[in-house]
Amino acid sequence: MKSKLTLAAVILAFITINFAFAQQQDKSTRPSPADSVHATTSDGVHITIHYSKPSLKGRQLGVDIAKIGEVWRTGANEITTIEFDKDVLVQGKALPKGKYGLWTIPGETESTIIFSKKWQGWGVGYSDKEDQLRVPAQSTTGNPMVEQFNISVDPAGVINLAWGDIILPISVRAAN
């Protein structure tokens, strides 16, 4: 009888722990929900981006969040990932096909976009030793204001990072 009670307690504990873990993994309930972009450009590059969408919530972009001059994870939660199915030119610079962590150093008028070989894990602990490529991107101002960070890809191969009144267009095209 005692062994049956012990077994029941172990099973109940196991179920409770698994349920709690599953709740933590439910990304839809996070304040910065997960999103994905899947696009194929007019020159045949398939781009896949996985990221989380933080909101401004009254914070000032460049001051309170995504601070000017500091490395930012280009989203929230886990590292934002970007994957190309073929070798590409990003802002005219070569980047081999593969999966990368996407980081940004925001600037007043020009930001630095970083493609890191480290693409797994939480969005902290950035190291420039893992950089595969860095490219500049000129900021433009958009209208209307974008409260929740958004990434889109147009058919011409421009990845747009939009938040607040800032849009960072990043040109991507097939390398050959």
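Read the sequence shown against the working numbering and you will find it ends at 179, with the numbers running on by one and no gaps. Glycine included, every Cβ here is placed at the ideal spot set by N, Cα and C.
Query - From Gly167, Leu105, Ile154 and Gln63, residue whose alpha carbon lies closest to that of Val138 - result: Counting from 1 along the sequence shown, the entry for residue 138 is found at position 135. Sorting Gly167, Leu105, Ile154 and Gln63 by C-alpha distance to the C-alpha of Val138 places Leu105 at the top.
Query raised in the report: Run through DSSP, which three-state label would Phe24 get?
Result: Reading the sequence shown from its first residue, position 21 is the one you call residue 24. Summary for Phe24: the model assigns pLDDT 49, below 50, so the residue's position carries little reliability; its value from the coordinates is reported in the next sentence. Helix.
Query raised in the report: Since Thr44 and Pro158 are thought to touch, with beta carbons under 8 Å apart, how far apart are those beta carbons, to the nearest angstrom?
Result: One-based indexing of the sequence shown puts residue 44 at position 41. One-based indexing of the sequence shown puts residue 158 at position 155. With 8 Å as the limit, Thr44 and Pro158 qualify as a contact, their Cβ atoms being about 6 Å apart.
**Report entry** Residue burial classification, Ile173 (beta-carbon count within 10 angstroms, cutoff 16)
**Finding:** For the purposes of this step, residue 173 is identified with residue 170 of the sequence shown, where counting begins at 1. By the neighbour-count rule (16 or more Cβ atoms within 10 Å), Ile173 is buried.
**Report entry** Beta carbon of Gly78 nearer than 8 Å to that of Ser55
**Finding:** As a working mapping, residue 78 is identified with position 75 in the sequence shown. As a working mapping, residue 55 is identified with position 52 in the sequence shown. It is a contact, given that the beta carbons lie within the stated cut-off.
Requested in this report: With distances taken Cα to Cα, identify the nearest neighbour of Ala177 among Gln135, Asp131, Gly167 and His49.
Outcome: The residue you call residue 177 lines up with position 174 of the sequence shown. Residue His49 is the option with its Cα nearest to Ala177.
**Report entry** Simplified DSSP assignment, three categories, for Asp134
**Finding:** Position 131 of the sequence shown, counted from the start, is the residue given in the question as residue 134. Of the three classes helix, strand and coil, the one that applies to Asp134 here is strand, per DSSP.
Report task. Within its chain, find whatever has a CB closer than 6 Å to the CB of Lys121; leave out the 5 residues flanking it on each side and keep chain order. Result -> Looking up residue 121 in the sequence shown gives position 118. Once the five neighbours on either side are set aside, the close Cβ partners of Lys121 are Gly104 and Glu133.
Query - Endpoints, the beta strand (DSSP E) within which Ile173 is located - result: In the sequence shown, residue 173 corresponds to position 170, counting from 1. Start and end: Val161 to Ala177.
Query raised in the report: Should Leu171 be labelled buried (16 or more other beta-carbon atoms within 10 Å of its own) or exposed?
Result: Here residue 171 refers to the residue found at position 168 when the sequence shown is read from its first residue. Per the 10 Å Cβ criterion, buried.
Query raised in the report: Expressed to the nearest angstrom, what Euclidean distance is found between the alpha-carbon atoms of Gly95 and Asn179?
Result: As a working note, residue 95 is residue 92 in the sequence shown. As a working note, residue 179 is residue 176 in the sequence shown. Cα to Cα, the separation comes out at about 12 Å.
Query raised in the report: Over what stretch of residues does the beta strand (DSSP E) that includes Asn153 continue unbroken?
Result: Counting from 1 along the sequence shown, the entry for residue 153 is found at position 150. Taken as a continuous stretch (DSSP letters only), the beta strand (DSSP E) holding Asn153 covers Thr143 to Val156.
**Report entry** Cα-Cα separation, Asn80 to Trp125
**Finding:** Counting from one through the sequence shown, the residue named residue 80 turns up at place 77. Counting from one through the sequence shown, the residue named residue 125 turns up at place 122. C-alpha separation (whole angstroms): 6 Å.
Query raised in the report: If you draw a straight line from the alpha carbon of Gln63 to that of Pro147, how long is it in whole angstroms?
Result: Counted from its first residue, the sequence shown places residue 63 at position 60. Counted from its first residue, the sequence shown places residue 147 at position 144. Using only the alpha carbons, I get a separation of about 16 Å.
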